[in-house]
Amino acid sequence: MANTFNTYSPLTGEKIATFKAMGQGEVRTIVTGAYAAAPRWVELGFHGRRKVLLRFSKTILKEIDWLADLVTIETGKPHSDAKLEIALAAHHIAWAARNAEKVLRTAHRVPGALMANMAATVERSPLGVVGVIGPWNYPVFTPIGSIAYALAAGNTVVFKPSEYTPAVGGALVEIFARVSGDAEVFQLITGSGETGAALCKSGVNKIAFTGSTATAKKVAALCAETLTPMIAECGGKDPVIVARDADIAAAVDATIWSAMSNAGQTCIAAERVYVDENIADIFIEKAVALASTIHGGDPDSAHYGPATMPSQLKVIESHIKDAIRKGGIPALGNAKSVRAPFVQPVILLDVPENSTAVTEETFGPTLVINRVPDMATAISLANASRYGL
Numbered sequence: 003m004a005n006t007f008n009t010y011s012p013l014t015g016e017k018i019a020t021f022k023a024m025g026q027g028e029v030r031t032i033v034t035g036a037y038a039a040a041p042r043w044v045e046l047g048f049h050g051r052r053k054v055l056l057r058f059s060k061t062i063l064k065e066i067d068w069l070a071d072l073v074t075i076e077t078g079k080p081h082s083d084a085k086l087e088i089a090l091a092a093h094h095i096a097w098a099a100r101n102a103e104k105v106l107r108t109a110h111r112v113p114g115a116l117m118a119n120m121a122a123t124v125e126r127s128p129l130g131v132v133g134v135i136g137p138w139n140y141p142v143f144t145p146i147g148s149i150a151y152a153l154a155a156g157n158t159v160v161f162k163p164s165e166y167t168p169a170v171g172g173a174l175v176e177i178f179a180r181v182s183g184d185a186e187v188f189q190l191i192t193g194s195g196e197t198g199a200a201l202c203k204s205g206v207n208k209i210a211f212t213g214s215t216a217t218a219k220k221v222a223a224l225c226a227e228t229l230t231p232m233i234a235e236c237g238g239k240d241p242v243i244v245a246r247d248a249d250i251a252a253a254v255d256a257t258i259w260s261a262m263s264n265a266g267q268t269c270i271a272a273e274r275v276y277v278d279e280n281i282a283d284i285f286i287e288k289a290v291a292l293a294s295t296i297h298g299g300d301p302d303s304a305h306y307g308p309a310t311m312p313s314q315l316k317v318i319e320s321h322i323k324d325a326i327r328k329g330g331i332p333a334l335g336n337a338k339s340v341r342a343p344f345v346q347p348v349i350l351l352d353v354p355e356n357s358t359a360v361t362e363e364t365f366g367p368t369l370v371i372n373r374v375p376d377m378a379t380a381i382s383l384a385n386a387s388r389y390g391l
């Protein structure tokens with residue numbers, strides 16, 4: 003395993019920075035520090051942790067321009083999108099801080115007739131140390147969804163951001179250390195898959211993973227070796243169903259926004275549409291018209307930026323080609339819409355259900371629209387996916 007790795011701008015390909023690729027020994031040392039900090043963090047109680055987390059949330063908002071700059075540099079997304087993501091993450095932290103005690107406090111239960119003279123309570127205790135493995139597409143919002151609640155519940159956290167967005171992860175950890183005065187409560191590890199594997203085998207009490215389904219299976223297998231609990235948010239092939247009586251304008255707006263925002267690099271992005279054949283023509287006409295007004299390019303001027311992970315461009319192109327080769331009709335764009343590092347919006351019609359454009363996650367600004375005779379067919383096709391989303 004190399005001792006360092008570089009990050010590169012998805013926009014220009016230029017080197018951004020060099021980071022340490024941490025090995026198993028370094029990861030274990032950091033996890034040991036997190037265990038040492040756990041009693042201190044628990045001892046603060048809900049009120050003490052609330053104060054720290056609210057400061058964390060407020061400081062993130064105060065530093066939002068700096069954080070958004072880092073997100074834009076590492077992912078290529080527009081600054082406005084980065085700021086929205088960060089603002090939503092700060093809200094998550096504040097909500098967790100304010101509601102943790104209400105959700106997790108000791109609860110009294112009726113013990114039942116057989117134990118009429120006894121009392122019963124449910125007490126919830128922190129697990130200890132939670133490992134969080136984050137994605138690159140929303141490098142603040144998505145991991146904070148695990149980090150905020152783990153911290154609010156009294157756990158310490160070891161965070162491995164994506165190797166594409168380590169500076170963003172480092173900024174979050176630095177801000178927390180600044181407002182908490184305890185650098186071991188929320189710590190950073192950097193590296194690629196080997197570092198993530200080391201975290202899974204480090205003795206943490208739980209792993210929270212966000213990423214591809216294929217990688218999630220590897221993480222689950224590693225966690226199974228030590229019976230470490232894990233939760234996974236994986237990929238999707240998300241369907242939209244448009245009924246005959248739908249508000250077509252609203253359906254088009256929601257679908258195109260979902261499919262194209264963040265260059266389609268969202269696990270819950272719309273990738274398939276099943277539309278009632280009686281309204282399909284007007285839906286398609288409006289969808290193509292709206293998508294035609296959207297373009298990818300420089301994040302300072304475009305609706306969305308480049309593909310953050312260059313290797314995904316080949317996947318996107320192959321799905322478009324497969325759809326057309328199998329009889330799908332390009333209503334907007336085609337395989338030539340993939341011009342590194344950007345992908346312009348693509349809409350494909352009447353794509354066979356065995357095409358990879360239907361069966362596999364594309365993770366790009368592409369959309370398949372297929373006509374269906376009724377809602378029963380739409381539901382059946384929507385559910386005919388191996389993905390959880």
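Taking my numbering, I'd label the letters of the sequence shown as residues 3 to 391.
C-beta: ideal position from N, C-alpha, C; glycine also.
Since the model is a prediction, treat every value here as computed from it, not as a measurement.
Can you name, in chain order, every residue of its own chain whose Cβ lies under 6 Å from the Cβ of residue i, other than the five neighbours on each side?
{"i": "Gly133", "result": "Val160, Leu201, Val206 and Ile209"}
{"i": "Leu383", "result": "Tyr276"}
{"i": "Pro367", "result": "Met262, Ala265, Gly266, Val345 and Pro347"}
{"i": "Ala234", "result": "Phe211 and Ala218"}
{"i": "Ala179", "result": "Ala185"}
{"i": "Lys323", "result": "Ala337"}
{"i": "His321", "result": "Thr358, Ala359 and Thr364"}
{"i": "Asn385", "result": "none"}
In this structure, how does DSSP classify residue i when only helix, strand and coil are distinguished?
{"i": "Gln189", "result": "strand"}
{"i": "Glu362", "result": "coil"}
{"i": "His110", "result": "strand"}
{"i": "Leu229", "result": "coil"}
{"i": "Gly298", "result": "strand"}
{"i": "Glu235", "result": "strand"}
{"i": "Thr217", "result": "helix"}
{"i": "Ala19", "result": "strand"}
{"i": "Ile281", "result": "coil"}
{"i": "Thr379", "result": "helix"}
{"i": "Leu350", "result": "strand"}
{"i": "Tyr10", "result": "strand"}
{"i": "Met262", "result": "helix"}
{"i": "Gln26", "result": "helix"}
Based on DSSP bridge pairs, tell me the residues matched to residue i.
{"i": "Arg51", "result": "DSSP, once it has assigned bridges, lists no residue as partnering Arg51."}
{"i": "Pro241", "result": "Arg274"}
{"i": "Arg341", "result": "Phe344"}
{"i": "Val132", "result": "Val159 and Lys208"}
{"i": "Ala122", "result": "Arg111"}
{"i": "Asn372", "result": "Tyr276"}
{"i": "Pro306", "result": "It should be pointed out that residue 306 corresponds to Tyr in this sequence rather than to Pro. Answer is Gly298, bridged to Tyr306."}
Using CA atoms only, rank isn't needed, just tell me which of the options is closest to residue i.
{"i": "Pro12", "options": "Ala359, Tyr389 and Gln314", "result": "Gln314"}
{"i": "Phe2", "options": "Pro113, Glu176 and Ala256", "result": "No answer is possible for residue 2: the residues shown for the chain start at 3 and end at 391."}
{"i": "Cys236", "options": "Tyr389, Gly35 and Asn5", "result": "Tyr389"}
{"i": "His93", "options": "Gly171, Ile149, Val29 and Asp300", "result": "Ile149"}
{"i": "Asn356", "options": "Lys328, Thr364 and Val340", "result": "Lys328"}
{"i": "Leu292", "options": "Ile250, Gln26, Asp83 and Val254", "result": "Val254"}
{"i": "Val290", "options": "Ala152, Pro332, Thr364 and Val242", "result": "Pro332"}
{"i": "Leu90", "options": "Phe143, Glu76 and Val44", "result": "Phe143"}
{"i": "Arg246", "options": "Ile281, Phe58 and Leu351", "result": "Ile281"}
{"i": "Glu87", "options": "Glu176, Ile75, Thr197 and Ala70", "result": "Ala70"}
{"i": "Gly156", "options": "Ile258, Ala40, Ile243 and Val317", "result": "Ala40"}
{"i": "Gly136", "options": "Val340, Ile177 and Tyr166", "result": "Tyr166"}
{"i": "Phe21", "options": "Glu28, Arg30, Asn8 and Gly15", "result": "Asn8"}
{"i": "Lys17", "options": "Ser127, Lys162, Ala169 and Glu45", "result": "Ala169"}
{"i": "Thr197", "options": "Thr230, Pro354, Leu63 and Ala23", "result": "Ala23"}
{"i": "Leu224", "options": "Asn101, Ala199, Pro375 and Asp352", "result": "Ala199"}
Less than 7 Å between C-beta atoms, sequence neighbours within five positions excluded: which residues of the same chain meet that for residue i?
{"i": "Val33", "result": "Val131, Val160, Ser204, Gly205 and Val206"}
{"i": "Ala98", "result": "Leu55, Ala150, Tyr151 and Ala154"}
{"i": "Leu334", "result": "Val290, Ala293, Ser294, Pro347, Val348 and Ile349"}
{"i": "Ala182", "result": "In the sequence on display, residue 182 carries Ser and not Ala. Correct list, in chain order: Val54."}
{"i": "Ser408", "result": "As displayed, the chain neither begins before 3 nor continues past 391, which places residue 408 out of reach and without an answer."}
{"i": "Ala272", "result": "Asp240, Val242, Thr257, Ser260, Ala261 and Leu369"}
Might you give, ordered along the chain, the residues of its own chain that have their beta carbon closer than 8 Å to the beta carbon of residue i, omitting 5 neighbours on each side?
{"i": "Glu103", "result": "Phe48, His49 and Arg52"}
- request: Scan the segment 309–338 and note each continuous alpha helix (DSSP H) run of 4 residues or more that stays entirely inside, going in chain order.
  value: 314–327
message: Suppose only complete runs of 4+ residues qualify. What are the alpha helix (DSSP H) ranges in the segment 53–98, listed by chain order?
response: Counting whole runs of 4 or more residues, the segment 53–98 contains the alpha helix (DSSP H) stretches 66–77.
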